[in-house]
Amino acid sequence: NAGVTQTPKFRILKIGQSMTLQCTQDMNHNYMYWYRQDPGMGLKLIYYSVGAGITDKGEVPNGYNVSRSTTEDFPLRLELAAPSQTSVYFCASSYYDRADSYEQYFGPGTRLTVT
Amino acid sequence: TQLLEQSPQFLSIQEGENLTVYCNSSSVFSSLQWYRQEPGEGPVLLVTVVTGGEVKKLKRLTFQFGDARKDSSLHITAAQPGDTGLYLCNNNDMRFGAGTRLTVKP
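Line order of the protein sequences matches chains A and U.
Mapped onto the numbering used here, the consecutive letters of the first sequence carry residue numbers 1 to 115.
Mapped onto the numbering used here, the consecutive letters of the second sequence carry residue numbers 1 to 106.
So, in structure tokens, the structure goes:
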């Protein structure tokens, strides 16, 4: 299994440009998440999905959109990039099959710079 | 939503020293995960603790879950430079503590 894969690894955007960060998992996990991590900080939840066709906002959703058309894929869309969105973006997945199970598996991250 | 507090925020020690980091909440955890994030990488799951008073060992790492399930600790024995990283706890709420950033100097 490849686990969670993310593309691209690095990207530089100009202010106002748009892009989609790709995330794919091959573990048949039902839950998927997007986090951002600013330099020297912890993880902030942007959006999450509990299954195909179902998404919900996390702590910092403004400026982002997501979709979940399949179990495997959970792309994150930035519509009008702003310098405040410069960060490292991590996608994660988990198999929520018990009342108390949120063990997450993370991708390697996408490092985004907006200038 | 449970607020997770991790301490200390930063820790810098010499190789061979022992250390303990903490994860606390005012509410009861249903269970708790510990992750380690090495520089430039994504977080990696280390352990899940579920039962109050539970102790789990992973080589030189010892994880303990408080009896009341409101706190957890991670103890590292004889730290090595490879232990350097950000240690994060997560309480089944998709939200993480701010983490403890550990540096082990050779």
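For every residue, glycine included, the Cβ atom is placed at its ideal position computed from N, Cα and C.
Contact of E103 of chain A with chain U is assigned, a C-beta pair being separated by under 7 angstroms. According to DSSP, residue pairing for I54 of chain A in a beta bridge involves A:G51. Close to P108 of chain A, with beta-carbon spacing below 7 angstroms, are these residues of chain U in chain order: E41 and G42. Neighbourhood of A79 of chain U in chain A, by CB distance below 7 angstroms: empty, with the nearest CB roughly 21 angstroms away. According to the DSSP secondary-structure assignment, I12 of chain A is paired through a beta bridge with A:T113.
For F90 of chain A, the enclosing beta strand (DSSP E) covers residues S87 to S94. Shown here for E54 of chain U: same chain residues with a beta carbon closer than 6 angstroms to its own, the five before and five after excluded, namely F65 in chain order.
Put simply, the backbone Cα of S12 of chain U is about 32 angstroms away from that of S94 of chain A.
Per the DSSP secondary-structure output, I76 of chain U pairs in a beta bridge with U:L19 and U:L61. Taking the C-beta atoms as reference points, R77 of chain A is found no nearer than 7 angstroms to N62 of chain A. Assigned with DSSP and collapsed to three states, S84 of chain A falls in helix. Counted as a single uninterrupted DSSP element, the beta strand (DSSP E) harbouring V4 of chain A occupies residues V4 to T7. The closest CA to that of D73 of chain A, considering only A:I15, A:M27 and A:Y96, is found on A:M27. Around L45 of chain U, the beta-carbon contacts reaching into chain A at under 9 angstroms are E103, Q104, Y105 and F106.
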